[in-house]
Amino acid sequence: MGNLNDYKNIWVFIETECGKAKNVGYELLHVARPLADQKGCPLVAVVIGKDIEGVAKDAICYGADSAIIVDGPEYEYYTTDAFTKAMVTLVEKYKPETLMIGATNNGRDMGPRVSCRLKTGLTADCTGIDIDEETGNIAWTRPTFGGNLMATIMCPEHRPQMGTVRPGVFKKGAYDEGRSGEIVKEEIHVAPEEIRTNLVERVNEVAEAVNLEEAEIIVSGGRGVGSAENFKLLEDLAAELGATVGCSRAVVDAGWMPHAHQVGQSGKTVAPKLYFAIGISGAIQHLAGISGSDTVIAVNKDEDAPIFDVADYGIVGNLNEVVPALTAAFKARKA
Amino acid sequence: MNICVCMKQVPDTNEIKVDPETHTLIRKGVPSIVNPFDTYAQEVGVRLKEQLGGKLIVISMGPEQAKEAIKSCLAVGADNGYLISSRSFGGSDTLATSYILSEAIKAVEEKEGLKFDLILCGKQATDGDTAQVGPEIAEHLDLPQITYALDIVEKDGEIQVKREHDAGYDMISTKLPAVVTVVKLPYEPRYPTIKSKMAAKKKEIPVLTEEDIPSIQLELCGLNGSPTRVKKTYTPVREKSGVKLAGMEPKDAANEVVKLLEEAKLL
Ligand SMILES: Cc1cc2nc3c(=O)[nH]c(=O)nc-3n(C[C@H](O)[C@H](O)[C@H](O)COP(=O)(O)OP(=O)(O)OC[C@H]3O[C@@H](n4cnc5c(N)ncnc54)[C@H](O)[C@@H]3O)c2cc1C
Ligand SMILES: Nc1ncnc2c1ncn2[C@@H]1O[C@H](COP(=O)(O)O)[C@@H](O)[C@H]1O
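Protein chains in written order, with the working numbering: chain A, 309 to 643; chain B, 15 to 281.
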C-alpha cells in the first residue's frame with residue numbers, strides 16, 4: 309500500500325439493479341456531505357450498473373460533487389465477481405480515502421470481497437459515521453451482540469477506510485435540481501467466464517418487492533396473530549396508515565408469511581418512524597432488527613412480554629380486539 | 015462432496031445482560047453455544063453429505079473451550095473437527111480471521127488427504143454480527159461465493175442456491191469449489207442422540223497452531239494483520255420510558271394511543 313496521503317475524497321457506492329437505484333445510496337450521500345465539507349474534499353458517487361446515467365445525475369442532485377459510472381450489460385443484475393472487479397479497479401485507479409456502501413444483501417456481499425482484495429479494513433452494518441477529531445479518521449459506529457453493545461471502529465493505517473451502512477438509518481437529503489457536476493465514464497468490462505455464478509431464475513414470492521427497509525410505518529405481526537387469515541386485521545390497519553406489513557420469524561416458520569416480510573436478525577433491519585409490534589414477544593433476534601425505529605407501539609396480551617421494555621406505547625390486551633379498535637381510531641381521526 | 019463448515023462458538027445472546035451500573039455486558043456465566051447460523055450451515059452440509067457421500071469437517075478458530083462446540087457438531091453429523099488456536103491469532107479482525115481460516119482450510123485438506131468442494135459458513139456470527147468472514151474466506155481462496163442462502167441443492171456436479179432478495183429469492187448456480195453463507199433453512203437442524211453425543215465426547219479434536227499451518231504468514235494474523243481498531247464500546251442507553259396501558263377497554267386504549275401519538279406529533 310502506497311502513501312496514505314495519496315488517498316483522497318469520499319466515495320459513496322450507489323447500488324442499482326436493472327438501472328434503478330436503491331435509496332440507501334442517496335441516504336449515504338446525505339450523511340457524507342457534511343463530512344466531505346468538513347474535510348474539504350469532494351464527495352463522489354460511484355454507480356455501477358446498466359443504463360445508469362440518470363442515476364448518476366440524481367446522485368449529484370442528492371449531494372454528490374461528481375460521479376463515476378461503470379455501465380455495461382454485465383452489471384444489469386448484481387454478481388459478486390463483476391461488481392468486485394469493477395469497484396477494485398476504480399479504487400486502485402482513483403485512490404479514495406473513504407468508501408461507503410449500503411448494507412443491503414448485495415452491499416454486504418460485495419463489501420468484504422472488495423476490502424479483502426484491497427487488504428484494507430471494513431466496518432460492517434454501521435449506524436453512525438463521524439470524523440475522529442484527533443486523527444481525522446472516520447469513526448464508524450455499529451451495533452454488535454444483537455444490538456446489546458455499540459462499538460466505534462477505525463481503520464487508521466489502511467486506505468480506503470471502508471464501511472457498510474445500514475439502510476434507513478439516515479434520511480435522504482432534498483433533491484436539488486440545480487446542482488451539477490462532472491460524470492466520468494469508466495470502461496471496465498468483465499468477460500462472462502470471469503463471472504463464476506449464474507442467475508438461473510428470479511422468483512418473486514410477493515407481487516411487489518416488500519420494501520421494509522424504506523418503509524415509514526410498519527405493522528408487524530407475530531405468532532400471537534394466530535393464523536395467516538388473521539393477518540387480515542393487520543392488513544386493514546396497515547391500509548389505513550399506508551403502512552407496510554412485516555412479521556416475526558415465528559410467522560415465517562409457520563408459513564403464514566413469506567420470508568421477505570421478516571424483520572430481525574435473520575430478516576430485514578428496519579428504521580421506520582412508527583413500528584407496530586402486534587402479538588410479538590420481543591425476542592432479542594427480533595429486537596435486533598427494529599432498534600432503528602423512532603417509535604414502537606406494542607400490543608400483547610402478556611403484560612410481561614419483553615417487547616414492552618422497548619415500546620414507547622404499549623397496550624396490554626387481546627390483539628383481536630385491540631387491532632380493529634386501532635384501525636377504527638385512526639379512521640375516526642381522519643374523518 | 016467434501017464439505018468444510020466454519021463454525022464459531024459464541025456467547026448465547028439471549029442470556030446476555032447489561033450491568034445497569036457500569037453499562038458493560040455481563041459475560042460471566044453466559045453459556046457458550048454454536049453460532050445459530052452455523053448450525054444451519056452444518057445441517058445443510060450434513061444433508062448434502064448424506065445424499066452424495068464424502069466427508070464433512072468442522073473447523074473453528076477460538077480458545078480451547080471451543081472444542082465443546084466442535085463436539086456438538088460431531089454429534090449431529092460432522093466427521094471430524096479441528097480447533098484453530100494460537101496466541102498469535104488473538105485480536106484478529108475479520109480480515110485476519112478469514113486469512114487464518116483460509117490457510118487452515120488448506121492445511122486441513124492436506125491432513126485429511128482431500129479437497130473441499132464446498133465451504134459453508136453462517137451468514138454472521140451473533141457476537142460480532144459482521145457477516146464478513148465468509149466472503150473474505152472466498153476471496154482469500156479465490157473461490158466463487160453465494161451469500162444469504164436459504165437452501166442449497168446439488169445438480170449435475172454444480173450447486174444451486176436459493177439466495178434471499180427483497181421479494182423472494184434468486185436461484186443462483188455455481189461450479190464447485192465454492193463458498194456459501196447460510197441465513198436460514200426450510201427445516202430445523204437435527205438434534206443429537208445420546209449415542210452420537212457419547213461418541214462425539216470421546217473423539218480427539220486436533221488443535222492446529224501456526225506450526226501446523228506451514229504456509230501461514232504471522233504478520234497477517236492477530237492484531238498485526240488487522241487493519242481495523244476498536245476505539246470504544248458502550249451499551250446503548252434507553253432514555254425513554256414507555257407508556258403501558260393495561261386493564262382498559264380495547265376501544266379506550268386504542269383511542270388513548272392515537273391521542274398520545276397525536277400529542278407527540280408522531281402522526
Ligand atoms: C439465529 C436466529 C435468528 C433469528 N432471527 C429472527 C428474526 O430475524 N426475526 C424474528 O422475529 N425472530 C428471529 N429469531 C427467533 C426469535 O428468537 C423468536 O423465536 C421469534 O422472534 C418469536 O416470534 P414471536 O414473537 O412472533 O412469537 P412468540 O415468541 O411465540 O410470541 C408471541 C406473542 O404473542 C402474544 N399473543 C398471543 N396471542 C395473543 C393475542 N390474542 N393478543 C395479543 N397478544 C397475543 C404472546 O403473549 C407472545 O408474547 C431468530 C432466532 C435465532 C436462533
Ligand atoms: N473464529 C471463527 N472460526 C470459525 N468460523 C468463523 C469464525 N468467525 C467467523 N466464522 C464463520 O464466518 C461466519 C460469519 O462470521 P462474522 O463475519 O464474524 O459475522 C460465521 O457464521 C462462521 O461460519
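Just so it is clear, CB atoms sit at the ideal spot from N, CA and C, and this is done for glycine as well.
Quick caveat: nothing in here was measured; it's all calculated off a predicted structure.
Interface residues of chain A around residue i at Cβ under 8 Å?
i	result
D141/B	T452 and F453
I186/B	T505, N506, L507 and V508
D170/B	The premise fails here: D170/B is roughly 12 Å from chain A at the closest Cβ pair, so nothing lies under 8 Å.
V257/B	D620, Y621 and G622
T242/B	G429, L430, T431, I461, M462 and C463
L232/B	Here the premise fails: no neighbours, minimum Cβ distance about 16 Å.
I219/B	The premise fails here: I219/B is roughly 27 Å from chain A at the closest Cβ pair, so nothing lies under 8 Å.
CB-CB under 8 Å to residue i, same chain, minus the five flanking residues each way: which ones, in chain order?
i	result
M212/B	none
G444/A	K347
P25/B	R41, V44, P45, S46, I47 and D141
P500/A	E382
H338/A	Y370, G371, F478, K479, K480 and G481
Could you name the residues of chain A that residue i contacts, counting a contact when the two beta carbons are closer than 7 Å?
i	result
Q146/B	P420, L430 and A432
K245/B	A447, T460, I461 and M462
E178/B	N413 and H567
Check the Cβ of residue i against every Cβ in chain B and list those closer than 8 Å, keeping chain order.
i	result
S574/A	F51, K137, V197 and K198
L348/A	Looking at the sequence itself, residue 348/A is Gly, so the reference to Leu does not match. Neighbours of G348/A on chain B: none; closest Cβ ~23 Å, over 8 Å.
K581/A	L280
T406/A	Here the premise fails: no neighbours, minimum Cβ distance about 14 Å.
L634/A	A268, V271 and V272
V339/A	Chain B residues near V339/A: none, gap ~19 Å exceeds 8 Å.
A558/A	None at all; the shortest Cβ gap to chain B is about 13 Å.
G357/A	Within chain B, no residue comes near G357/A; the closest Cβ sits about 16 Å away, beyond 8 Å.
N519/A	D180
For residue i, which residues from the same chain have a beta carbon less than 6 Å from its beta carbon, with the 5 sequence-adjacent residues on both sides left out?
i	result
G429/A	C463 and H466
T249/B	V32 and H37
P342/A	none
V378/A	I356, A394, E494 and I496
H567/A	V560
D359/A	G327
I605/A	F584 and Y621
E172/B	S187 and K189
A619/A	V604 and A606
S599/A	G455
Using a Cβ-Cβ cut-off of 7 Å (strictly less than) and excluding sequence neighbours within five positions of residue i, which residues of its own chain qualify?
i	result
Q138/B	F51, T144 and A145
C369/A	Y483, D484, E485 and R487
Interface residues of chain B around residue i at Cβ under 9 Å?
i	result
T388/A	P149, A152, P158, Q159, I160 and T161
H594/A	Chain B residues near H594/A: none, gap ~12 Å exceeds 9 Å.
Taking C-beta pairs closer than 9 Å, name the residues in chain A that residue i reaches, listed in chain order.
i	result
S112/B	P420 and C424
Which chain B residues sit within Cβ distance under 7 Å of residue i?
i	result
T603/A	L280
F638/A	V272
L457/A	L39, T247 and T249
V514/A	A181 and G182
Quiz: which residues have CB nearer than 5 Å to ligand 1 non-hydrogen atoms: G530/A, R531/A, G532/A, S556/A, R557/A, A558/A, G572/A, Q573/A, S574/A, G575/A, G587/A, I588/A, S589/A, A591/A, Q593/A, H594/A, N608/A, K609/A, D610/A, A613/A, N626/A, L627/A and P50/B
Residues whose Cβ lies closer than 7 Å to any heavy atom of ligand 2, in chain order: C20/B, M21/B, K22/B, N49/B, F51/B, D52/B, A55/B, I73/B, S74/B, M75/B, G76/B, I98/B, T108/B, T111/B, L115/B, C135/B, G136/B, K137/B, Q138/B, A139/B, G142/B, D143/B, T144/B, A145/B, Q146/B, V147/B, G148/B and T195/B
Cβ contact check for the region 184–192 of chain B and the region 37–46 of chain B: 3 or more pairs under 8 Å: no
Touch test, the region 541–558 of chain A against the region 582–594 of chain A, Cβ-Cβ under 8 Å, three pairs minimum: yes
Those runs of the beta strand (DSSP E) which lie wholly inside the region 205–269 of chain B and span at least 3 residues: 243–248 and 257–259
The region 403–410 of chain A in contact with the region 522–533 of chain A per 3-pair CB rule at 8 Å: no
Segments of 4+ residues assigned as alpha helix (DSSP H) that fall wholly inside the region 137–219 of chain B: 147–154 and 208–216
contact_flag[the region 622–640 of chain A, the region 46–63 of chain B] where n(CB pairs < 8 Å) is 3 or more: no
Cβ pair count under 8 Å reaching 3, the region 210–228 of chain B against the region 155–174 of chain B: no
Continuous alpha helix (DSSP H) assignments of at least 4 residues falling wholly in the region 496–575 of chain A: 539–549 and 557–561
Any 3 or more C-beta pairs closer than 8 Å across the region 445–454 of chain A and the region 139–155 of chain B: yes
At least three beta-carbon pairs within less than 8 Å, the region 106–122 of chain B to the region 226–240 of chain B: yes
The region 421–441 of chain A contacting the region 388–396 of chain A, beta-carbon criterion three pairs below 8 Å: yes
Residue ranges of each alpha helix (DSSP H) within the region 309–371 of chain A, 4 or longer: 331–347 and 361–369
Validate contact between the region 63–73 of chain B and the region 90–106 of chain B using beta carbons, cut 8 Å, 3 pairs: yes
Three or more C-beta pairs below 8 Å linking the region 79–93 of chain B and the region 200–215 of chain B: yes
3 or more residues per run - each beta strand (DSSP E) lying fully within the region 55–79 of chain B: 70–75
Touch test, the region 190–200 of chain B against the region 148–158 of chain B, Cβ-Cβ under 8 Å, three pairs minimum: yes
4 or more residues per run - each alpha helix (DSSP H) lying fully within the region 371–448 of chain A: 388–402 and 413–426
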